[in-house]
Every structure is written in structure tokens, then in C-alpha cells.
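Sequence order for the protein chains is A and B.
In terms of the working numbering, the first sequence opens at residue 3 and continues consecutively.
In terms of the working numbering, the second sequence opens at residue 9 and continues consecutively.
All C-beta atoms, glycine included, are put in the ideal place defined by N, C-alpha and C.
Keep in mind the model is a prediction, meaning the values are calculated, not measured.
Taking it in order: structure first as C-alpha cells, then the write-up.
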Amino acid sequence: MAISKKTINSFLLAAFCSFATVSCSTDIDELFDSSAAQRVQKSVEYYDQLLQDAPYGWIMNYYPGDGSMGGCAFTVKFDKGNVEMTSEIQISDTIEVGTPYTSKYRVLKEQSIILTFDTYNPLLHSFTEPSQSNIDGWHSDYEFIFNRVSEHSDSIFLTGKKYGMELVLRRMTKEDQNYIQNVTRMNRLLMSVPHFYAVAGDKQYNIRLDDLRFTYPSEDGQSTITSVFTYTPEGIEFKEPVTLGGIMFTNMVYDEPTGELRSPDGKVRILFPSNMQQFANTLGQWKFIIDAAAQKGECDKTFISSFYRPIAFLCTIENCFIGYNSVYPDSDENEYVIGFQYNVFDQYLLYGCYGIKINPIGDDSVEIIGVDKAYGYNEYYFSPITSRILKGSPYRIEFQEGNIQRKIKLVSIQDENIWFYLSNQ
Amino acid sequence: MKTIHIFASLLLLAGFLASCSKDDLSDDSVLIDRTEQYHDAFDDWIYKNYTVPYNIRLMYHMEDIESDYQYTLAPADYKNSVRISKIFKYTWLEAYDEECGVDFTRKYVPKVLHLIGSPAYAANGTYLMGTAEGGMKITLFAVNQLQINHIFLDLYYHVVHHEFAHILHQNKDYDPDYGKICEGKYVSGDWYLMTDEYALQNGFISAYAMSEPDEDIAELTATYLTNNQDYWDKILVNAGDTGAAILNMKLEIVRAYMQTSWNIDIDQLRDIIQRRVDDVITGKIDIDSLD
Numbered sequence: 003m004a005i006s007k008k009t010i011n012s013f014l015l016a017a018f019c020s021f022a023t024v025s026c027s028t029d030i031d032e033l034f035d036s037s038a039a040q041r042v043q044k045s046v047e048y049y050d051q052l053l054q055d056a057p058y059g060w061i062m063n064y065y066p067g068d069g070s071m072g073g074c075a076f077t078v079k080f081d082k083g084n085v086e087m088t089s090e091i092q093i094s095d096t097i098e099v100g101t102p103y104t105s106k107y108r109v110l111k112e113q114s115i116i117l118t119f120d121t122y123n124p125l126l127h128s129f130t131e132p133s134q135s136n137i138d139g140w141h142s143d144y145e146f147i148f149n150r151v152s153e154h155s156d157s158i159f160l161t162g163k164k165y166g167m168e169l170v171l172r173r174m175t176k177e178d179q180n181y182i183q184n185v186t187r188m189n190r191l192l193m194s195v196p197h198f199y200a201v202a203g204d205k206q207y208n209i210r211l212d213d214l215r216f217t218y219p220s221e222d223g224q225s226t227i228t229s230v231f232t233y234t235p236e237g238i239e240f241k242e243p244v245t246l247g248g249i250m251f252t253n254m255v256y257d258e259p260t261g262e263l264r265s266p267d268g269k270v271r272i273l274f275p276s277n278m279q280q281f282a283n284t285l286g287q288w289k290f291i292i293d294a295a296a297q298k299g300e301c302d303k304t305f306i307s308s309f310y311r312p313i314a315f316l317c318t319i320e321n322c323f324i325g326y327n328s329v330y331p332d333s334d335e336n337e338y339v340i341g342f343q344y345n346v347f348d349q350y351l352l353y354g355c356y357g358i359k360i361n362p363i364g365d366d367s368v369e370i371i372g373v374d375k376a377y378g379y380n381e382y383y384f385s386p387i388t389s390r391i392l393k394g395s396p397y398r399i400e401f402q403e404g405n406i407q408r409k410i411k412l413v414s415i416q417d418e419n420i421w422f423y424l425s426n427q
Numbered sequence: 009m010k011t012i013h014i015f016a017s018l019l020l021l022a023g024f025l026a027s028c029s030k031d032d033l034s035d036d037s038v039l040i041d042r043t044e045q046y047h048d049a050f051d052d053w054i055y056k057n058y059t060v061p062y063n064i065r066l067m068y069h070m071e072d073i074e075s076d077y078q079y080t081l082a083p084a085d086y087k088n089s090v091r092i093s094k095i096f097k098y099t100w101l102e103a104y105d106e107e108c109g110v111d112f113t114r115k116y117v118p119k120v121l122h123l124i125g126s127p128a129y130a131a132n133g134t135y136l137m138g139t140a141e142g143g144m145k146i147t148l149f150a151v152n153q154l155q156i157n158h159i160f161l162d163l164y165y166h167v168v169h170h171e172f173a174h175i176l177h178q179n180k181d182y183d184p185d186y187g188k189i190c191e192g193k194y195v196s197g198d199w200y201l202m203t204d205e206y207a208l209q210n211g212f213i214s215a216y217a218m219s220e221p222d223e224d225i226a227e228l229t230a231t232y233l234t235n236n237q238d239y240w241d242k243i244l245v246n247a248g249d250t251g252a253a254i255l256n257m258k259l260e261i262v263r264a265y266m267q268t269s270w271n272i273d274i275d276q277l278r279d280i281i282q283r284r285v286d287d288v289i290t291g292k293i294d295i296d297s298l299d
């Protein structure tokens with residue numbers, strides 16, 4: 003059948019008319035009230051305002067790298083492009099922990115809405131900045147994608163843009179003032195000594211809780227699990243929920259009188275280490291109590307004169323301790339040492355140590371056995387002290403009353419003239 | 009048929025008109041940057057001292073999209089960003105203003121300056137202090153390690169003067185005789201296998217200058233501008249008789265090019281730069297305030 007040109011034209015005309023009619027129709031249902039760009043812009047404004055609508059700021063537990071090193075507590079307060087941070091990081095010996103640092107932040111629209119801490123803040127960027135020996139820093143984020151906000155807008159959940167770190171901001175209240183100071187206090191209370199036992203229900207478990215890590219048996223007892231945590235003013239908070247003895251918990255509260263950490267329902271308890279463990283397994287330093295310049299100290303007179311002696315040569319021993327080697331394992335292989343911090347010409351604070359083994363004998367006696375000179379050891383200045391400590395071994399330890407040891411006395415079992423007090427404060 | 013075509017055209021027109029009538033443009037811009045409203049004194053200073061006079065976008069906030077993804081970088085410290093911005097305006101932009109007039113500077117200067125806190129560390133143990141892209145953007149790294157002394161600042165100055173020399177050469181060709189002086193000695197990508205000492209003795213100001221004539225002349229210009237006469241004389245001594253003779257020959261071409269093509273007295277420009285750098289190092293210039 004032949005189709006005439008007229009028929010085609012009529013058909014085209016009809017099609018035109020129908021298009022024109024359709025395109026003129028005014029009752030199109032818009033899915034959104036505004037354009038995509040406007041909605042993105044609104045989201046930027048919403049998140050920025052939300053960050054600022056927290057007069058006391060936000061708690062930010064930051065788990066650097068792959069998270070296996072544990073978390074670091076921060077507070078962040080946002081105000082018109084400026085963010086004031088505090089954290090439990092000690093930036094330098096002269097700056098108190100908890101001192102606030104202000105830098106810039108922005109909420110930006112990229113492929114998602116992101117929060118970026120985009121000028122240098124020594125607290126946060128100490129985890130992210132590269133160095134010659136570590137060109138990717140700690141593989142940690144400072145740009146975060148907003149994921150979601152909790153129902154009452156008191157928690158914001160974000161994900162790191164580059165390394166995928168998970169970050170939660172929790173709104174602070176008036177009660178959270180001095181948050182970092184209280185976290186730091188808890189950190190100092192707990193980090194100096196590992197914990198070895200936990201009780202869940204009526205069963206005791208071998209665990210290890212030390213600096214930011216908690217290792218415990220799996221439910222079937224066939225393996226061990228390590229969970230990381232951050233210190234809080236009340237105790238510790240795990241990154242992920244922990245199950246021990248069938249009881250699940252995400253945080254533990256420190257009980258001051260007993261030194262125990264307890265799950266909120268009290269059913270799981272991590273026992274405070276024994277007196278001997280607090281000394282022999284310390285991760286901190288048990289220091290001599292001495293004022294060398296004034297020739298005073300809580301130790302026998304020979305020790306005092308040993309400390310005083312180097313001063314004539316413009317070297318002051320600021321601190322002598324028995325305990326955990328602060329350069330282990332990076333720069334020295336001795337875990338436990340007799341350590342020294344000494345000041346040369348009143349300008350340089352240096353560190354030196356002598357490797358030892360601390361072997362408990364029963365509940366209240368201990369051997370201190372010398373291994374060898376170690377990192378930064380200065381024979382001339384340190385050997386009178388080191389050799390006297392080693393000469394006095396083994397020692398009887400006089401512990402304080404109560405569970406938590408702050409100051410102990412070591413008296414040589416074979417020569418009572420060799421004695422000294424040590425403090426872990 | 010003609011009637012139908014006219015009718016159809018009218019209908020189409022009506023359709024267009026009708027369908028356009030509902031599409032009023034919204035008053036809301038989608039280009040609003042909320043952070044614009046958080047401009048502080050430094051942002052205002054940048055606007056007055058970089059944007060308006062030179063049309064330069066100075067970025068001190070970390071802009072990862074503007075940086076190189078192969079490096080892990082830290083943002084710039086705010087206070088050091090202020091210092092660097094003041095130092096660069098005084099010792100670089102205003103040095104050219106003084107010698108050539110502000111119109112010259114604003115016409116040829118790269119239009120983006122990005123400040124980064126850390127150096128850009130590479131896996132082979134090297135690191136970058138600065139880069140430039142196509143005459144458009146200069147990135148300065150290691151802002152957080154800023155030190156106000158010649159050793160540190162000269163690393164920066166070398167980068168910017170090197171890149172600026174490229175920009176000048178792209179606008180007006182330099183004498184092709186320059187490339188003939190050491191013809192056959194350029195080693196292209198193998199320059200890093202050469203030592204600076206070897207380069208000097210063969211009439212190149214640095215190992216990198218051995219890569220090709222364009223880099224050679226930019227290196228020579230930057231080295232000459234960022235060092236005083238004493239230093240230059242020492243370079244010539246280290247280069248030995250042969251090397252020094254070649255370097256002097258090259259410098260004469262640079263001197264003539266700058267004079268004839270740009271009306272720049274390279275010695276005068278060097279004196280201006282040196283004087284201004286000294287002003288910064290001796291503290292004559294307040295690099296902290298935003299006045």
C-alpha cells in the first residue's frame with residue numbers, strides 16, 4: 003500500500019501537536035522540591051550547622067592506621083571555620099596535655115559531603131603527616147565523608163576518605179568539661195601496668211590488658227582475640243563490642259577502691275594486678291625519690307652521694323628509675339632497664355639505660371639481675387648507681403597497704419644498708 | 009501543503025513558548041561556598057594582596073584535588089602560611105614589580121599558589137620542596153618546616169625563579185645559540201645519574217641542567233638570581249677554567265635575552281631580590297602581622 007506524502011505530513015503534524023501539548027502540561031510531579039545542586043548545598047549547610055550546634059564540642063575517638071594500635075581521645079569544637087582541638091597526646095615536654103590547638107576545618111561538597119581538617123593541627127596531623135622514614139605517615143585520615151547522624155543528632159558517623167577510617171563524633175554535655183584531663187588521668191592510672199586476669203560470672207580468664215589493647219580468649223576457648231580501646235574519664239571504651247564469658251560489653255568502668263575495671267552491669271571484672279606484678283611487670287617507671295642538688299633523698303646515703311657526684315661536671319641526673327625501657331624495642335633490645343634521664347650543661351635532656359631482668363621470688367622479694375650496658379649508657383656518670391642497685395639484689399619489697407601501689411621500699415636482703423624507695427607517680 | 013507547513017511552524021513556536029514559560033530561573037545560586045562567609049583577616053589580606061593586584065589564587069587550605077595523589081601530604085600550618093605569603097609577596101612578586109613594573113608581574117606570574125605543610129616524600133628517599141605546572145600553578149611544600157634563613161628560603165626561591173624563567177621563555181624565545189653551546193652533551197632523563205660537580209666542570213650549573221637546553225637556561229637563570237656574587241664566583245672556581253668559560257658564555261646569552269626581550273637588567277634584578285631576601289632574614293619585614 004502506498005502512503006501519500008499528505009498522510010505523512012498529517013501524521014507529523016499530529017505528532018507535533020501532541021508533543022507541544024505534552025511539553026506544555028503543567029502537572030509534572032517533581033520528585034524533589036529543589037535541584038540536585040541546591041540539595042547538596044543544603045546538606046553542606048546542615049552538616050556545618052550541626053557541627054557548630056554543640057556548645058561543648060564533640061568527643062572524637064580517633065583510631066589511627068588500621069586501628070590495631072588503639073585509639074586516642076580528642077575533643078573538637080567547631081566555630082565558623084575554626085576547630086579547637088584537645089587530645090591526650092603529649093606534643094612536647096613543656097606543653098601540658100589537654101592544651102587546646104586551633105586550626106581550620108571546612109565542610110565541602112565533593113562526590114560526597116566531607117569534613118576536612120585542612121590546615122595543620124599538631125594534635126590530629128601528627129598521625130597523618132609523612133616523614134622521611136615513613137612517607138605515608140600512619141595511614142590515617144584527616145578528610146572524612148559524612149555517613150549518617152543518629153536519631154537525636156547527638157552522634158555523627160563518618161568514614162575516612164583516603165584510608166577508610168571510621169570516626170564517630172559524640173556531642174558533649176556540660177558534664178564532659180575537662181574531658182581530656184580526666185581521660186589523661188585514667189590513662190596514667192591504667193597504662194603503667196598490664197592486667198592479667200578477668201572474672202566473668204564465676205569463671206576466671208587469663209587475659210592481657212595493656213596500653214590500648216585487650217587480648218582475651220574467644221568464646222570457644224580455641225583462640226585469642228585482641229580488641230582495641232580508648233581511655234575515657236570513667237575507664238575504657240572498646241572500638242567494637244567485646245564478649246567474655248558470654249557477656250557482651252563495649253565499655254568498662256574503673257573502680258577506684260579496688261583498681262578493677264568492670265563492665266557496666268558489673269558481671270565482668272578485670273582484676274587489678276598483684277602488688278608484685280605492679281612492680282615486676284610495669285610498663286611505666288619506678289623512680290628514685292631524690293633531690294640531688296639538695297643532697298636529700300629517700301635512699302641510703304651512698305646512693306645520694308652517687309647522684310650528687312656528676313653535678314660537679316655539669317651533668318645532672320634528673321631521674322633514675324627501674325622499669326620499662328622507653329626506647330624498647332625500636333632502639334634497644336632490653337625491655338626492662340635501670341634508666342637515667344640526665345641533663346648536660348643545663349641544655350640537653352638525654353636518656354641512657356642499663357638492661358636488667360626483674361625476677362620475682364615469691365610475693366615480696368625480687369632479684370634484679372644486670373644484663374649489659376644498653377642504649378645511651380654513660381659509664382662514668384651512671385655506674386656508681388647501677389652497680390650499687392645490682393650489688394644489693396635480691397631485695398625484699400615493702401609494699402603499701404591496699405591494692406594500688408604508688409610508693410614501695412626495696413631493702414637488700416643480704417645488706418640492709420642498701421635500700422631505696424621508688425615511686426611510680 | 010505550504011499552509012500546513014506554516015501552521016505546523018506556528019504550532020511548534022507556540023509549543024516552545026508555552027513550554028519555556030514555566031522555567032523561571034531560581035534566585036538561589038548553586039555556586040555558593042558556605043566557607044566564603046568564614047573569611048578571616050588572612051583571607052582578606054590574601055584578597056587585597058594577591059587576588060586583586062596579581063589575580064593569584066593563593067590556597068593555604070589543603071586542597072587534595074589540587075595536590076598530587078602519589079604523595080601523602082600534611083596541610084600547611086596557618087601561621088607559617090601567613091609568613092610564607094608575606095615573604096613571597098615581598099621577595100618575589102614585588103621584586104619583579106620593582107624591576108619591571110606591576111603590569112609585567114601580573115601578566116606573567118602563575119595564577120595559583122598552593123601551600124602544603126609537609127615535603128612531598130618519594131619512596132627513593134628524595135623529597136620535593138616545590139613544583140610548578142605549565143606556568144599556571146606553583147606548589148610550595150614543607151611550609152610547616154619553614155626556617156627564615158638563606159639555606160631554606162633559597163630552596164623555595166630556586167623553584168619559583170626556575171619556573172618563572174620557563175614562563176618567560178614560553179612567551180619570548182631565547183637565543184637558539186644557547187642550546188648549541190653544549191650541543192651533544194645533554195643527557196635527557198639520565199641527568200640524575202650525573203653529579204653536580206661533573207655538570208659544573210662541563211659547563212652546566214647543575215646535574216638537572218644537563219637534561220635539555222630549556223632546563224639548562226632555567227636552572228642557570230634561577231641560580232644566578234638566587235645567589236650573590238660571592239657564591240657565583242665560587243661556582244666558577246669549582247667549575248674550573250673550561251666549565252667557567254662555558255657558564256660565562258651562557259650567562260651572557262641570558263643577560264642579553266633578559267635585557268632585549270624583557271628590558272630586565274638581570275644584575276639589577278638579582279640585587280633587588282638579594283636585598284629583599286636579606287630584609288626578611290634580618291627581620292626588617294614583619295612577616296607575622298597582617299597589616
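Within the region 213-283 of chain A, the complete beta strand (DSSP E) segments of 3 residues or longer fall at 215-219, 226-233, 237-246, 249-257, 262-264, 270-272, listed in chain order.
Phenylalanine 112 of chain B sits in a helix when the DSSP states are folded into three classes. If you compare the alpha carbons of B:Ala84, B:Cys108, B:Gly187, B:Asn57 with that of threonine 268 of chain B, the shortest gap goes to B:Cys108. Listed in chain order, the non-local C-beta contacts of lysine 411 of chain A below 6 Å within the same chain comprise Glu400, Tyr423, local neighbours out to five positions each way being set aside. Interface annotation, isoleucine 137 of chain A: in contact with chain B, CB-CB separation under 9 Å. Counting only the Cα atoms, valine 195 of chain A lies some 29 Å from aspartate 417 of chain A. The closest CA to that of glutamine 206 of chain A, considering only A:Arg215, A:Pro219, A:Leu214, is found on A:Pro219. One finds nothing in chain A with a Cβ atom closer than 9 Å to the Cβ of tyrosine 55 of chain B; even the nearest lies about 15 Å away. Sequence-distant partners of alanine 252 of chain B (beyond 5 residues in either direction) whose C-beta falls short of 7 Å from its own C-beta, in its chain, are Leu244.
Under the 9 Å criterion on CB atoms, isoleucine 213 of chain B is classed as non-interfacial with respect to chain A.
Each of A:Asp222, A:Tyr382, A:Glu242, A:Glu258 was checked against the Cα of glycine 248 of chain A, and the nearest Cα belongs to A:Asp222.
The alpha-carbon separation between alanine 131 of chain B and glutamate 145 of chain A amounts to approximately 23 Å.
According to the DSSP secondary-structure assignment, serine 94 of chain A is paired through a beta bridge with no residue.
Assignment of glutamine 206 of chain A by DSSP, reduced to helix, strand and coil, places it in the strand class. Taking 9 Å as the cut-off, the Cβ atoms of tyrosine 344 of chain A and valine 329 of chain A do not count as close. Under the three-pair Cβ rule at 8 Å, the region 176-194 of chain B does not count as touching the region 159-166 of chain B. DSSP places valine 42 of chain A within a helical segment (H, G or I) once states are collapsed to three. Excluding five sequence positions before and after lysine 164 of chain A, the CB atoms of its chain that fall closer than 6 Å to its own CB belong to Asp143, given in chain order. By the C-beta density criterion, serine 70 of chain A is exposed, having fewer than 16 other C-beta atoms within 10 angstroms.
Between glycine 125 of chain B and alanine 82 of chain B the beta-carbon gap is near 4 Å, inside 8 Å, which marks them as a contact. Bridge pairing for cysteine 301 of chain A: A:Phe422 [DSSP]. DSSP places histidine 141 of chain A outside both helix and strand once states are collapsed to three, so it counts as coil.
For a cut-off of 8 Å, the C-beta gap from glutamate 168 of chain A to threonine 161 of chain A is around 6 Å, short enough to register as a contact. Counting every other CB atom within 10 Å of its CB across the protein chains shown gives serine 389 of chain A a total below 16, marking it as exposed.
Not one beta carbon of chain B lies nearer than 9 Å to the beta carbon of proline 66 of chain A. Among the CB atoms of chain A, one or more fall inside 9 Å of the CB of histidine 69 of chain B. Identification of chain B residues near lysine 82 of chain A by a Cβ-Cβ cut-off of 7 Å yields Tyr46, ordered along the chain.
In this structure, the beta-carbon distance from aspartate 178 of chain A to proline 235 of chain A falls below 9 Å.
Put simply, the backbone Cα of proline 132 of chain A is about 26 Å away from that of tyrosine 350 of chain A. Under the three-state reduction of DSSP output, tyrosine 58 of chain A falls in the coil class, being neither helix nor strand. Boundaries of the beta strand (DSSP E) harbouring glutamine 287 of chain A: 287-290, taken from the DSSP string.
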